[in-house]
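Student: Protein chains in written order, with this note's numbering: chain A, 958 to 1198; chain B, 958 to 1198.
Number of protein chains: 2
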Amino acid sequence: MLISDSKVPLYYQLVDILGKQIKENMKPHDRMLSEREICTKYNVSRTTVRLAMAELEKMGYIYKMHGKGTFVATLAENKQNLMESYSFTEHMKKLGKVPKTEVLSFEVIKVNDYLAKHMGLSGEENAIKIIRLRLADGIPMMVETSYLPFAKFSSLTEELVKKKPLYEIFKEEFSQVIKAADEEFSASIIPSREAHLLQVPTNSACLKLERTTYNTANQVIEFTFSIARADQFIYKVRHIR
Amino acid sequence: MLISDSKVPLYYQLVDILGKQIKENMKPHDRMLSEREICTKYNVSRTTVRLAMAELEKMGYIYKMHGKGTFVATLAENKQNLMESYSFTEHMKKLGKVPKTEVLSFEVIKVNDYLAKHMGLSGEENAIKIIRLRLADGIPMMVETSYLPFAKFSSLTEELVKKKPLYEIFKEEFSQVIKAADEEFSASIIPSREAHLLQVPTNSACLKLERTTYNTANQVIEFTFSIARADQFIYKVRHIR
DNA sequence: TTAATCAAGAGGTAGTAACCAGTTCAACAA
DNA sequence: TTGTTGAACTGGTTACTACCTCTTGATTAA
Chain A
958 MLISDSKVPL YYQLVDILGK QIKENMKPHD RMLSEREICT KYNVSRTTVR
1008 LAMAELEKMG YIYKMHGKGT FVATLAENKQ NLMESYSFTE HMKKLGKVPK
1058 TEVLSFEVIK VNDYLAKHMG LSGEENAIKI IRLRLADGIP MMVETSYLPF
1108 AKFSSLTEEL VKKKPLYEIF KEEFSQVIKA ADEEFSASII PSREAHLLQV
1158 PTNSACLKLE RTTYNTANQV IEFTFSIARA DQFIYKVRHI R
Chain B
958 MLISDSKVPL YYQLVDILGK QIKENMKPHD RMLSEREICT KYNVSRTTVR
1008 LAMAELEKMG YIYKMHGKGT FVATLAENKQ NLMESYSFTE HMKKLGKVPK
1058 TEVLSFEVIK VNDYLAKHMG LSGEENAIKI IRLRLADGIP MMVETSYLPF
1108 AKFSSLTEEL VKKKPLYEIF KEEFSQVIKA ADEEFSASII PSREAHLLQV
1158 PTNSACLKLE RTTYNTANQV IEFTFSIARA DQFIYKVRHI R
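(1) Check each residue of the segment 1154-1169 of chain A: if its Cβ is closer than 9 Å to any Cβ of chain B, include it; give the result in chain order.
(2) Run the CB neighbour count on B:Pro966, radius 10 Å, all protein chains shown included, and call it buried at 16 or more, exposed below.
(3) First and last residue of the beta strand (DSSP E) that includes A:Tyr1020?
(4) Any beta carbon of chain B sitting closer than 8 Å to that of A:Lys1193?
(5) Please state whether DSSP places B:Thr1159 in a helix, a strand or coil.
(6) Please confirm whether B:Ala1138 and B:Tyr1192 have their CB atoms less than 8 Å apart.
(7) Look at the alpha carbon of B:Ala1073 and the alpha carbon of A:Ile1019, and state the distance between them as a whole number of angstroms.
(8) Excluding the 5 residues preceding and the 5 following B:Val1157 in the sequence, name in chain order all residues of the same chain whose CB lies nearer than 6 Å to its CB.
(9) Answer with yes or no whether the minimum CB distance from A:Phe1127 to chain B is below 8 Å.
(10) Looking at C-alpha atoms only, which residue of A:Thr1027, A:Lys1050 and A:Lys1057 is the closest neighbour of A:Arg1091?
(11) Closer than 8 Å by C-beta to A:Tyr1211: which residues in its own chain qualify, once you throw out the five before and the five after it? Chain order, please.
(12) Would you be able to state if there are at least three C-beta pairs under 8 Å between the segment 1108-1119 of chain B and the segment 1161-1171 of chain A?
(13) Which same chain residues end up closer than 6 Å to B:Met983 when comparing Cβ atoms and leaving out the 5 residues on each side of it in sequence?
(14) Would B:Ile1184 and B:Ile1147 qualify as a contact pair, given that the criterion is a beta-carbon distance under 8 Å?
(15) What residues from the segment 1124-1148 of chain B come within 7 Å of chain A, judged by C-beta to C-beta, listed N to C?
(16) Under 8 Å: do the segment 1043-1053 of chain B and the segment 1117-1133 of chain B share three or more Cβ pairs, one atom per stretch?
(17) What is the DSSP secondary structure of B:Thr997, counted as helix, strand or coil?
(18) Determine the burial state of A:Thr1027: buried for a count of at least 16 other Cβ atoms within 10 Å of its Cβ, exposed for fewer.
(19) What's the C-alpha gap between B:Asp962 and B:Glu992?
(20) According to DSSP, is B:Leu967 helix, strand or coil?
(21) For A:Gln1176, which residues from the same chain have a beta carbon less than 6 Å from its beta carbon, with the 5 sequence-adjacent residues on both sides left out?
(22) Which one or two residues does DSSP pair with B:Lys977 in a beta bridge?
(23) Rounded to whole angstroms, what's the CA-CA distance from A:Asn1038 to B:Phe1180? Just pull it up for me.
(24) At which residues does the alpha helix (DSSP H) containing B:Ala1009 begin and terminate?
(25) Quick one, are the C-beta atoms of A:Leu1061 and A:Pro1097 less than 8 Å apart?
(26) With a cut-off of 8 Å on the beta carbons, I'd call A:Arg1089 and A:Glu1059 a contact; round off their distance for me.
(27) B:Tyr1018 versus chain A: which residues are under 7 Å apart at the beta carbon?
(28) So, is A:Glu1101 buried or exposed, given that buried needs 16 or more other C-beta atoms within 10 angstroms?
(29) Within its chain, find whatever has a CB closer than 6 Å to the CB of B:Val1006; leave out the 5 residues flanking it on each side and keep chain order.
(30) Closer than 8 Å by C-beta to A:Tyr1134: which residues in its own chain qualify, once you throw out the five before and the five after it? Chain order, please.
(31) Can a CB atom of chain A be found closer than 8 Å to the CB of B:Phe1028?
(32) Looking at chain B, is there any beta carbon in it that lies within less than 8 Å of the beta carbon of A:Ala1187?
(33) Could you pull the DSSP bridge partners for B:Arg988 from this structure?
(34) Return yes when the Cβ of B:His1075 is within less than 8 Å of the Cβ of B:Thr1169, no when it is not.
(35) Classify A:Met1099 as helix, strand or coil using the three-state DSSP reduction.
(36) Using the C-alpha atoms, what's the distance from B:Ser1079 back to B:Lys1036?
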């Protein structure tokens, strides 16, 4: 079942196979085969099995109990890839809504002190500033203002941003893999400009969100402010371990 | 430096030692010793070193680059234990504020359908309902309403809750270790009861927070609603991987 | 000078082996 | 009957070995 001379590691092939089994045939708290049983079934070492299981655990698919076994997590139901939680597009699809994005502006700016500090840039560098309106089922949900380091994304165009989700662009066009993200949540009364864009009364509450996204080399690849309408938008995050 | 016959595993002793070194003597992007160098320095196998490094990586202390080395993460500056982000007490201490908690009510209730569903309980079970007012430097910050499964915490008393942070009680009195948490954020106009408790005008915005906390066996050990005043409270979360 | 090559050293993957520490339950002894 | 014990599982820890891929920089060849 596993391909030894594949470019994709054995343990990762196992992650795929077991993950699929869990999603298709198992329910929360079902017991998995023991590590040693998986070894013989797939003819791999326990090292490989434990690597795969560690990965599944990090993804929230399974949990282990010393002396008892490994079990399917309740968390497995609605969570695949942690990265998806950062993505408005993926987030909305998961909720059964149709996401849509309008790019309101796209420009290259010189970073100010605040941006330089938060993005780990020198004050001389440039950043790409993108303002987007996000809609779900045609209802305006949030306004996002994103800053990307120009040095890493100099060839990025407005057309591309209009065509593809930002996180797909990161990965497919610039080989930037998201490794970590910091998010800050707060609430306030909605600013009038955003009230207009989101089509809500001027005294409404809104959810403010600030996100800093890091690549595998621990560099900031995105710094985003979002303002979301309070009556429509709920933001979900999951912590594991 | 490491103690072979200790009850605490070698790899975890290494986590402590390396973590301390990072916090005390290193800064972001500094290179760590290579895995093989650490092996000889502490006289352990590479297995052990890699286990420790994996742990440090999960904690956000370090990041690795294939072929180049292992480096101190920028994230290390302000983050130790992911669990601490759930804890109001720890969270506030980290911000240099003095946390205080007033227990407003403590009672055992029969769960309704909504609670039963969210806590994985049958409709017949009981829960402990605790309402707390959280203050930082004497300023009321948020009102938290928590539900704990009575079956797991039947011996919990109001006195204990007044004396100790809830998450310390979980760990020390009931051996419940937090493994994962789901959080949902939204914003709204503050309800009048909370407006009064938080001493803000009735038309203020507030941050609403719903948290479900799981133990290592993937059972819900806490379900909490929070209402926080928008002008004072910012909630930070970090995702890794 | 410039480009290709190669070796050293980094982390990544994989196997084997052995023993430790919880959990469970059946077999045995009081 | 009621304990207790102990074997047979579970995952957890540790060591050793070997080879892979990626990065870097020095050496070599064009």
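We treat Cβ as the ideally placed atom computed from N, Cα and C, and that holds for glycine.
Tutor: So, from the data block:
(1) Near chain B, meaning a CB-to-CB distance below 9 Å, the residues of the segment 1154-1169 of chain A are Asn1160, Ser1161, Ala1162, Cys1163, Leu1164, Lys1165, Leu1166 and Glu1167.
(2) B:Pro966 is exposed by the Cβ-count criterion.
(3) It spans Ile1019 to Met1022 - the beta strand (DSSP E) in which A:Tyr1020 sits, taken as one unbroken run.
(4) The Cβ of A:Lys1193 sits closer than 8 Å to at least one Cβ of chain B.
(5) Correct three-state label for B:Thr1159: coil.
(6) In terms of Cβ geometry, B:Ala1138 and B:Tyr1192 do not form a close pair [threshold 8 Å].
(7) Roughly 23 Å separates the two Cα atoms.
(8) Excluding sequence neighbours, B:Val1157 sits near Arg1186.
(9) Answer no: the Cβ-Cβ gap between A:Phe1127 and chain B never drops below 8 Å.
(10) Proximity to A:Arg1091 across A:Thr1027, A:Lys1050 and A:Lys1057 peaks at A:Lys1057, based on C-alpha coordinates.
(11) In this structure chain A extends from 958 to 1198, so residue 1211 of chain A is not present and cannot be described.
(12) A contact between stretches requires three or more CB pairs, one per stretch, nearer than 8 Å, and the segment 1161-1171 of chain A fails this requirement with the segment 1108-1119 of chain B.
(13) Taken in chain order, the residues that qualify are Val1029.
(14) A distance below 8 Å separates the beta carbons of B:Ile1184 and B:Ile1147.
(15) Residues Lys1136, Ala1137, Ala1138, Asp1139, Glu1140, Glu1141, Phe1142, Ser1143, Ala1144, Ser1145 and Ile1146.
(16) Touching, yes, given that three or more Cβ pairs across the two stretches are closer than 8 Å.
(17) In this structure, B:Thr997 counts as helix in the three-state DSSP scheme.
(18) Answer is buried; the Cβ neighbour count reaches 16.
(19) Roughly 23 Å between the two C-alpha positions.
(20) In the structure shown, B:Leu967 sits in a helix (DSSP, three-state: H, G or I).
(21) Excluding positions up to five away in sequence, the list is empty.
(22) In DSSP, B:Lys977 forms no bridge with anything.
(23) Residue placement at A:Asn1038 is flagged as unreliable, the pLDDT there being 44, under the threshold of 50; the coordinate-derived value follows with that caveat. Taking the straight line from one Cα to the other gives about 24 Å.
(24) Going by DSSP, B:Ala1009 is part of the alpha helix (DSSP H) stretching over Arg1003 to Lys1015.
(25) In this structure, A:Pro1097 does not lie closer than 8 Å to A:Leu1061 by Cβ.
(26) Contact flag correct, Cβ pair sits at about 7 Å.
(27) The premise fails here: B:Tyr1018 is roughly 11 Å from chain A at the closest Cβ pair, so nothing lies under 7 Å.
(28) Flag for A:Glu1101 reads buried.
(29) Same-chain partners within the cutoff: Glu992, Ile995 and Cys996.
(30) Looking at the sequence provided, one finds Val at residue 1134 of chain A rather than Tyr. Phe1127, Lys1128, Asn1172 and Thr1173, listed in sequence order.
(31) Taking Cβ atoms only, chain A reaches closer than 8 Å to B:Phe1028, which makes this a yes.
(32) Yes, its Cβ sits closer than 8 Å to a Cβ of chain B.
(33) The secondary-structure analysis by DSSP pairs B:Arg988 across a beta bridge with B:Phe1028.
(34) The answer is yes: Cβ separation under 8 Å.
(35) DSSP places A:Met1099 within a strand segment (E or B) once states are collapsed to three.
(36) Confidence is the limiting factor: at B:Lys1036 the pLDDT is only 47, short of 50, which leaves the residue's position unreliable, though a coordinate-based value still follows. Whole-angstrom Cα-Cα distance: 37 Å.
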